[in-house]
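A.B. asks: Encoded as structure tokens, here's the structure I'll be asking about.
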Amino acid sequence: MFTAFDNFPALLIWLPLLGALPAFLLRKEGAAGRWALASSLVTFTVTVASLFFQGEKHYALTQVSYVWLPDFGSSFTLTLDGISWILCLLNAVSFPVILGSTLGTCRDRQHVFFGLMLMAQAGLNGVFLSADALGFYFFWELALIPVYFLASLWGGERRVQAAFKFFIYTFAGSVLMLAGILWMHMRTTDQSFSLASFYRTSLDPVEQAWLFWAFFLAFAIKMPVFPFHTWQPDAYEQSDTAVTMVLSGVMVKMGVFALIRWLLPLFPDALKRFDEIAILLCIAGMLYASCIAMVQDDLKRMVAYSSIAHVGLMAAAVFTVQQEAWHGVLVQMFNHGVNIIGLWVVVSLIESQLGVRKISQLGGLAQKAPSLAVLLTVIALANIALPLTNAFVGEFLMFNGLYRHNPWYAAAAGLSIILSAVYMLNMIRNVFLGGTNDLTDGFREVSFRHRAILALLVVVILAAGVHPEPMFRLVEDTSDLILKRVQSR
Amino acid sequence: MNAILLSALWGVVMMFTGLASPHARLHGRMAVVGMALLVVAAWLDLAGISPFGITGGGMLSYGPYESVFIILMAGCALLYLLLSVHVMADGGTGTSDPLALIFFVMTGICIIAGFRSLLMLFLGIEIVSIPLYILSASDKRNLRSNEAALKYFLMGAFSTGVMLMGVTLLYGTHGSFYLEALNIGEEALSPLATAGIVLLLVSMAFKVSAAPFHFWTPDVYDGTPTVFTSFMATIVKGAAFFAFLRLFQDGFGRLHEHWRLLMAFLTAATLIIGNVTAVFQQSVKRMLAYSSIAQAGFMMLALFALNQTARTGIVLYAVSYSLATIGVFAVLARMKDHSFEAFNGMAGRQPLLALLLTVFLLSLAGIPLTAGFFAKYQMIAATLEEGRMVWLAILALLCAVVGVYYYFRVIQAMYFRTGGDAQPEVSKGTRAVLVVTALAVLALGIHPDWLLRFLSY
Numbered sequence: 000m001f002t003a004f005d006n007f008p009a010l011l012i013w014l015p016l017l018g019a020l021p022a023f024l025l026r027k028e029g030a031a032g033r034w035a036l037a038s039s040l041v042t043f044t045v046t047v048a049s050l051f052f053q054g055e056k057h058y059a060l061t062q063v064s065y066v067w068l069p070d071f072g073s074s075f076t077l078t079l080d081g082i083s084w085i086l087c088l089l090n091a092v093s094f095p096v097i098l099g100s101t102l103g104t105c106r107d108r109q110h111v112f113f114g115l116m117l118m119a120q121a122g123l124n125g126v127f128l129s130a131d132a133l134g135f136y137f138f139w140e141l142a143l144i145p146v147y148f149l150a151s152l153w154g155g156e157r158r159v160q161a162a163f164k165f166f167i168y169t170f171a172g173s174v175l176m177l178a179g180i181l182w183m184h185m186r187t188t189d190q191s192f193s194l195a196s197f198y199r200t201s202l203d204p205v206e207q208a209w210l211f212w213a214f215f216l217a218f219a220i221k222m223p224v225f226p227f228h229t230w231q232p233d234a235y236e237q238s239d240t241a242v243t244m245v246l247s248g249v250m251v252k253m254g255v256f257a258l259i260r261w262l263l264p265l266f267p268d269a270l271k272r273f274d275e276i277a278i279l280l281c282i283a284g285m286l287y288a289s290c291i292a293m294v295q296d297d298l299k300r301m302v303a304y305s306s307i308a309h310v311g312l313m314a315a316a317v318f319t320v321q322q323e324a325w326h327g328v329l330v331q332m333f334n335h336g337v338n339i340i341g342l343w344v345v346v347s348l349i350e351s352q353l354g355v356r357k358i359s360q361l362g363g364l365a366q367k368a369p370s371l372a373v374l375l376t377v378i379a380l381a382n383i384a385l386p387l388t389n390a391f392v393g394e395f396l397m398f399n400g401l402y403r404h405n406p407w408y409a410a411a412a413g414l415s416i417i418l419s420a421v422y423m424l425n426m427i428r429n430v431f432l433g434g435t436n437d438l439t440d441g442f443r444e445v446s447f448r449h450r451a452i453l454a455l456l457v458v459v460i461l462a463a464g465v466h467p468e469p470m471f472r473l474v475e476d477t478s479d480l481i482l483k484r485v486q487s488r
Numbered sequence: 000m001n002a003i004l005l006s007a008l009w010g011v012v013m014m015f016t017g018l019a020s021p022h023a024r025l026h027g028r029m030a031v032v033g034m035a036l037l038v039v040a041a042w043l044d045l046a047g048i049s050p051f052g053i054t055g056g057g058m059l060s061y062g063p064y065e066s067v068f069i070i071l072m073a074g075c076a077l078l079y080l081l082l083s084v085h086v087m088a089d090g091g092t093g094t095s096d097p098l099a100l101i102f103f104v105m106t107g108i109c110i111i112a113g114f115r116s117l118l119m120l121f122l123g124i125e126i127v128s129i130p131l132y133i134l135s136a137s138d139k140r141n142l143r144s145n146e147a148a149l150k151y152f153l154m155g156a157f158s159t160g161v162m163l164m165g166v167t168l169l170y171g172t173h174g175s176f177y178l179e180a181l182n183i184g185e186e187a188l189s190p191l192a193t194a195g196i197v198l199l200l201v202s203m204a205f206k207v208s209a210a211p212f213h214f215w216t217p218d219v220y221d222g223t224p225t226v227f228t229s230f231m232a233t234i235v236k237g238a239a240f241f242a243f244l245r246l247f248q249d250g251f252g253r254l255h256e257h258w259r260l261l262m263a264f265l266t267a268a269t270l271i272i273g274n275v276t277a278v279f280q281q282s283v284k285r286m287l288a289y290s291s292i293a294q295a296g297f298m299m300l301a302l303f304a305l306n307q308t309a310r311t312g313i314v315l316y317a318v319s320y321s322l323a324t325i326g327v328f329a330v331l332a333r334m335k336d337h338s339f340e341a342f343n344g345m346a347g348r349q350p351l352l353a354l355l356l357t358v359f360l361l362s363l364a365g366i367p368l369t370a371g372f373f374a375k376y377q378m379i380a381a382t383l384e385e386g387r388m389v390w391l392a393i394l395a396l397l398c399a400v401v402g403v404y405y406y407f408r409v410i411q412a413m414y415f416r417t418g419g420d421a422q423p424e425v426s427k428g429t430r431a432v433l434v435v436t437a438l439a440v441l442a443l444g445i446h447p448d449w450l451l452r453f454l455s456y
């Protein structure tokens with residue numbers, strides 16, 4: 000039966016996409032930015048509204064199908080269950096924050112910038128909502144194209160190369176996934192691309208092993224998992240900060256999400272054979288990234304490496320296939336997005352005022368901008384996953400899962416949390432505390448708008464830290480459903 | 000049958016138009032009208048309406064599949080003419096003759112689309128090739144054009160010789176030119192017949208520029224005036240592939256197992272050589288020449304797979320590749336400098352043109368939402384359906400990644416670099432046609448079913 004709720008998945012894709020088209024035409028100074036902000040707020044409202052229409056529907060894998068390519072066995076099928084909901088919510092929260100905090104940044108061709116941003120949002124929602132493998136692949140690529148242009152057109156000196164490296168890496172991963180999708184498609188009994196028939200299809204172990212790695216590679220490059228991460232620091236550093244926020248806040252979640260939605264339920268037998276390798280890769284990446292983050296002098300690169308470490312933990316927790324760990328991962332995907340966007344906002348504020356990102360050249364900003372310092376500290380503490388901040392619950396559950404899987408893994412991964420405290424607190428000390436120097440003497444308190452945005456993020460951080468219950472209620476049924484599928488084989 | 004007669008007649012009409020009037024514009028209009036009529040004529044073939052009672056004695060046969068293919072190729076040719084007649088008129092050598100030659104090529108294409116006998120294949124291939132030799136030499140005062148023509152002619156004549164030899168050997172063993180008579184399975188596999196099949200394979204591989212018989216392609220495509228390269232590299236190549244597939248499916252399909260491995264190696268070599276060499280080119284025109292080898296590699300997958308997906312897929316591939324390549328060449332033909340640097344900053348000077356070129360290049364690279372994606376998809380799916388030699392599909396996909404590298408160089412130049420000075424003069428009408436072409440590329444990328452349904456009668 001087609002209910003009011005069934006309209007939401009498609010709406011969440013169409014809204015940003017339709018919002019993007021006028022943005023391309025608004026050439027007047029500042030108009031496109033305001034339009035994009037308004038459009039993203041509408042998307043946010045609709046996303047939140049969908050929660051009130053859900054009834055019990057979002058817990059199961061209910062699908063809304065539109066006819067697309069019947070001869071290919073593909074349809075435009077979307078599903079808005081718990082895990083896609085939390086990621087769409089992250090997407091919906093992120094974009095107003097990103098657009099609002101970077102609205103005033105001087106850029107040429109603003110209308111193109113904001114149009115592409117909204118297109119990226121539509122693509123990302125498509126990835127999270129697709130329940131059809133071909134549609135999933137489409138959106139996987141379509142989210143990439145606008146971001147590629149965004150990263151190449153605005154940003155640092157070496158942006159064109161960095162963005163191209165990012166594009167080629169991701170594309171190489173995704174073509175292997177395409178081969179895997181096609182192979183799965185031919186193995187389905189009804190020659191279909193739908194997620195439901197993929198779930199029904201059973202494969203022999205050899206096929207599973209090959210397909211597991213084909214899909215894993217695509218997702219590992221996206222997340223990124225060591226050793227496929229080399230595109231990331233360059234891309235983050237060279238892109239415009241707003242684009243970096245999209246990349247690190249939302250886009251890397253595509254990989255983690257896809258593990259849960261596609262990789263593990265499709266190839267449970269292969270998972271049993273290869274989970275140790277995958278977890279070890281993730282943990283190695285966490286430690287490696289944390290160590291590098293400690294010695295980074297560039298703020299952007301530091302945050303980039305810290306992101307590799309955090310996403311590595313999520314991926315490792317996914318591969319443990321533990322109930323609580325999965326809940327933790329899903330909630331942490333949202334929280335990590337909020338935290339890292341907060342960090343980027345601060346970085347961009349410092350860079351836009353002083354023109355430098357070198358930690359060694361900064362210092363004493365707290366004297367000049369006390370409220371910024373307070374807000375940043377909360378966000379930084381959340382990034383270290385201190386209790387009462389949003390990230391604590393998620394990381395605790397993930398460590399719990401890792402510990403049950405193998406205590407040594409938990410110990411090794413725990414090291415990276417200690418290291419994250421080292422570099423985060425070091426950053427606060429070197430950038431905000433101490434005396435000012437010639438450069439930072441000129442630092443002024445940031446505008447009310449930016450303080451309000453950061454304060455909003457801090458409120459979310461604390462609220463989610465103190466009362467995480469609703470988020471867990473949202474994801475746990477879907478998560479358990481998929482988990483049961485993975486374990487039952 | 001309508002299509003063959005009309006295209007041949009219109010070729011003659013074009014020659015007389017040249018005598019009757021020196022106005023290049025008139026020639027252009029006549030050609031466009033003729034090509035539109037050709038589309039209609041092919042449509043009438045499809046509907047089974049023919050005023051002529053010619054059957055071709057079983058040497059030619061046109062089912063819906065063949066007729067749809069001719070409609071599509073004539074449609075591409077129509078777009079090509081709409082985009083090119085102005086450029087030809089500026090060339091100054093008189094437009095009626097090249098246009099007449101293009102119609103003769105179309106006659107050849109109609110013949111090789113429907114051949115049932117090796118004689119017709121030979122005849123069709125020759126009718127296609129000989130006008131092309133002349134077209135490639137049409138820039139008489141340019142040494143490189145002359146070189147291209149001579150190279151093309153010598154190599155082409157040689158490969159024709161090889162083909163005739165193959166036909167002769169097969170006639171010697173089977174006593175017939177008809178595909179039905181040739182397709183009798185393993186008991187026919189005498190050494191002579193094997194040699195004949197291999198010789199036909201070699202000559203067809205030469206015509207579609209598959210490695211290792213591709214060496215003529217870059218020089219010929221580069222030296223030929225750009226307007227005609229556009230025609231040679233797209234519609235003619237698509238038709239040659241169509242004939243190639245028909246020959247090996249209807250003629251030697253039962254021996255598939257015997258030549259499959261050979262075809263796999265040819266395919267792999269074509270993919271690797273085409274893609275890797277294209278990366279190192281400094282001129283966009285030469286890059287496109289190598290890219291046409293690379294795309295031929297993808298189309299070869301259909302010959303490797305030889306199943307229903309391949310059968311429909313190759314037509315989709317030919318159409319989507321032709322549309323995108325014609326679009327890129329239409330812009331290139333209006334530029335004096337063919338280097339990558341000439342495209343620098345084009346997005347700032349010509350935003351619409353840059354956007355359209357981006358759509359074409361994304362399609363060539365096989366990015367979703369463009370026709371190129373589903374074309375490549377069909378080829379990969381056909382290969383995987385065979386369930387064996389999966390490495391070939393993986394190799395093709397990795398080559399597609401390499402392809403992204405060189406197609407995106409043009410996009411990067413247009414959008415992310417500055418300082419070029421190319422100002423292709425593109426009239427409003429041409430722009431409109433380019434927009435239509437780009438929309439066709441996008442429509443096939445969103446809904447290829449529209450085309451594929453016609454083909455799976």
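Protein chains in written order, with numbering that gives the first Met the number 0: chain A, 0 to 488; chain B, 0 to 456. All residues carry an ideal CB built from backbone N, CA and C; glycine is no exception.
Kindly provide the ranges of any alpha helix (DSSP H) runs that are 4 or more residues long and lie completely inside the region 375 to 427 of chain A, ordered along the chain.
C.D. replies: 389 to 404
A.B. asks: Which chain A residues are close to B:Glu384, counting only those with a beta carbon under 8 Å from its beta carbon?
C.D. replies: Here residue 384 of chain B refers to the residue found at position 385 when the second sequence is read from its first residue. Residues of chain A passing the Cβ test: Met185.
A.B. asks: Which of the three DSSP states, helix, strand or coil, is assigned to B:Leu80?
C.D. replies: Counting from one through the second sequence, the residue named residue 80 of chain B turns up at place 81. Reduced to three states, the DSSP call for B:Leu80 is helix.
A.B. asks: Could you say which of A:Tyr235, A:Met250, A:Ile378 and A:Phe256 lies nearest to A:Phe214 if we only look at CA atoms?
C.D. replies: One-based indexing of the first sequence puts residue 214 of chain A at position 215. Per the Cα distances, A:Phe256.
A.B. asks: Using CA atoms only, rank isn't needed, just tell me which of B:Val278, B:Leu246 and B:Gln294 is closest to B:Thr471.
C.D. replies: Chain B is shown from 0 up to 456; residue 471 of chain B falls before or after that span and cannot be answered.
A.B. asks: Is the region 123 to 137 of chain A in contact with the region 81 to 99 of chain A, if contact means three or more CB pairs nearer than 8 Å?
C.D. replies: yes
A.B. asks: Using the Cβ count rule (16 or more neighbours within 10 Å means buried), how would you classify A:Asp239?
C.D. replies: Stepping through the first sequence from its first residue, residue 239 of chain A is reached at position 240. It counts as buried.
A.B. asks: Can you give the Cα-Cα distance for A:Asn425 and A:Glu28, rounded to whole angstroms?
C.D. replies: Position 426 of the first sequence holds residue 425 of chain A. Position 29 of the first sequence holds residue 28 of chain A. The straight-line gap from Cα to Cα measures roughly 40 Å.
A.B. asks: Using only the alpha-carbon positions, how far apart do B:Ile379 and A:Gly179 sit?
C.D. replies: Working through the second sequence from its first residue, we reach residue 379 of chain B at position 380. Working through the first sequence from its first residue, we reach residue 179 of chain A at position 180. B:Ile379 and A:Gly179: Cα-Cα distance of roughly 11 Å.
A.B. asks: May I ask which residues mark the beginning and end of the alpha helix (DSSP H) holding A:Ser173?
C.D. replies: Working through the first sequence from its first residue, we reach residue 173 of chain A at position 174. That run of the alpha helix (DSSP H) goes Arg158 to Arg186.
A.B. asks: Short of 8 Å in beta carbon distance, which residues of its chain neighbour B:His22, apart from the five on each side in sequence? Order them along the chain.
C.D. replies: Here the question's residue 22 of chain B lines up with position 23 in the second sequence. For B:His22, there are no CB contacts under 8 Å within the same chain when 5 residues up- and downstream are skipped.
A.B. asks: Give the straight-line distance between the Cα atoms of B:Met262 and B:Met299, rounded to the nearest whole angstrom.
C.D. replies: As a working mapping, residue 262 of chain B is identified with position 263 in the second sequence. As a working mapping, residue 299 of chain B is identified with position 300 in the second sequence. So the alpha carbons of these two residues sit roughly 8 Å apart.
A.B. asks: Given A:Pro369, which residues of its chain have a CB within under 7 Å of its CB, disregarding the five upstream and five downstream residues?
C.D. replies: For this step, residue 369 of chain A is matched to residue 370 along the first sequence. Here the set comprises nothing.
A.B. asks: Cutting at 7 Å between CB atoms, please list the residues of its own chain near B:Val219, excluding the five before and the five after it.
C.D. replies: Numbered from 1 along the second sequence, position 220 holds the residue referred to as residue 219 of chain B. Excluding residues within five positions, the ones whose Cβ falls inside 7 Å are Ser135, Ala147, Lys150 and Tyr151.
A.B. asks: Excluding the 5 residues flanking A:Met0 on each side, which residues of the same chain have their C-beta closer than 8 Å to its C-beta?
C.D. replies: Along the first sequence, one-based indexing puts residue 0 of chain A at 1. With a pLDDT of 44 at A:Met0, under the threshold of 50, the modelled position of this residue cannot be trusted; read the value that follows with caution. Answer for A:Met0: no residue qualifies.
A.B. asks: Between the region 353 to 367 of chain B and chain A, which residues of the former have a C-beta closer than 7 Å to a C-beta of the latter?
C.D. replies: Under the 7 Å Cβ criterion, the region 353 to 367 of chain B contributes Ile366 and Pro367.
A.B. asks: When you compare the CB positions of B:Ile410 and B:Thr357, do they come within less than 8 Å of one another, or not?
C.D. replies: As a working mapping, residue 410 of chain B is identified with position 411 in the second sequence. As a working mapping, residue 357 of chain B is identified with position 358 in the second sequence. Cβ distance < 8 Å, so B:Ile410 and B:Thr357 count as in contact.
A.B. asks: Determine the burial state of B:Gln422: buried for a count of at least 16 other Cβ atoms within 10 Å of its Cβ, exposed for fewer.
C.D. replies: Counted from its first residue, the second sequence places residue 422 of chain B at position 423. Burial call: exposed.
A.B. asks: Under three-state DSSP, which class holds B:Tyr177?
C.D. replies: On the second sequence, residue 177 of chain B is found 178 positions in, with the first residue counted as 1. In the structure shown, B:Tyr177 sits in a strand (DSSP, three-state: E or B).
A.B. asks: Using a Cβ-Cβ cut-off of less than 9 Å, give me the residues of the region 160 to 192 of chain A that come near chain B, in sequence order.
C.D. replies: Ala162, Phe163, Phe166, Ile167, Phe170, Ala171, Val174, Leu175, Leu177, Ala178, Leu181, Trp182, His184 and Met185
A.B. asks: Report the three-state DSSP secondary structure of B:Asp96 (helix, strand or coil).
C.D. replies: Start at 1 with the first residue of the second sequence, and residue 96 of chain B comes out as number 97. In this structure, B:Asp96 counts as helix in the three-state DSSP scheme.
A.B. asks: If we ignore side chains and look at the alpha-carbon of each, how far apart do A:Leu258 and A:Leu79 end up?
C.D. replies: Indexing the first sequence from 1 puts residue 258 of chain A at position 259. Indexing the first sequence from 1 puts residue 79 of chain A at position 80. About 17 Å.
A.B. asks: Taking any Cβ of chain B, which residues in the region 120 to 144 of chain A have a Cβ under 8 Å from it, in chain order?
C.D. replies: Tyr136, Phe137, Glu140, Leu141 and Ile144
A.B. asks: Skipping 5 residues on each side, what residues in its chain have a beta carbon closer than 7 Å to that of A:Thr46?
C.D. replies: Walking along the first sequence from the start, residue 46 of chain A turns up at place 47. Leu11, Cys87, Leu88 and Ala91, listed in sequence order.
A.B. asks: Taking 8 Å as the cut-off, decide whether the C-beta atoms of A:Leu414 and A:Arg356 are in contact.
C.D. replies: Counting from one through the first sequence, the residue named residue 414 of chain A turns up at place 415. Counting from one through the first sequence, the residue named residue 356 of chain A turns up at place 357. Not a contact, by the Cβ cut-off of 8 Å.
A.B. asks: Kindly indicate which three-state DSSP category B:Lys139 falls into: helix, strand or coil?
C.D. replies: Here residue 139 of chain B refers to the residue found at position 140 of the second sequence. DSSP places B:Lys139 in coil when its eight states are reduced to three.
A.B. asks: According to a CB-to-CB cut-off of less than 8 Å, which residues of the region 11 to 26 of chain A neighbour chain B?
C.D. replies: None of the residues of the region 11 to 26 of chain A has a beta carbon lying less than 8 Å from any beta carbon of chain B.
A.B. asks: Across which residues does DSSP place A:Asp297 in a beta bridge pair?
C.D. replies: Within the first sequence, numbered from 1, the residue matching residue 297 of chain A stands at position 298. Paired residue(s): A:Lys357.
A.B. asks: Under DSSP, the beta strand (DSSP E) around A:Tyr65 begins and ends at which residues?
C.D. replies: Residue numbering aside, residue 65 of chain A sits at position 66 when the first sequence is read from its first letter. Val63 to Leu68 is the span of the beta strand (DSSP E), which, as asked, contains A:Tyr65.
A.B. asks: For a cutoff of 8 Å on Cβ pairs, would you count A:Asp440 as touching chain B?
C.D. replies: Indexing the first sequence from 1 puts residue 440 of chain A at position 441. With 8 Å as the cut-off, A:Asp440 does not count as an interface residue toward chain B.
A.B. asks: Applying the 10 Å Cβ sphere with the 16-neighbour rule, what's the burial state of A:Asn436?
C.D. replies: Here residue 436 of chain A is taken as the residue at index 437 of the first sequence, counted from 1. Exposed is the call here.
A.B. asks: Identify every residue that forms a DSSP beta bridge with A:Gly154.
C.D. replies: Translated into the one-based positions of the first sequence, residue 154 of chain A becomes position 155. The partner list for A:Gly154 (beta bridge, DSSP) reads A:Ser238.
A.B. asks: Give a yes or no on whether the minimum CB-CB distance between A:Ser347 and chain B is below 8 Å.
C.D. replies: Position 348 of the first sequence holds residue 347 of chain A. No, because no Cβ of chain B sits closer than 8 Å to the Cβ of A:Ser347.
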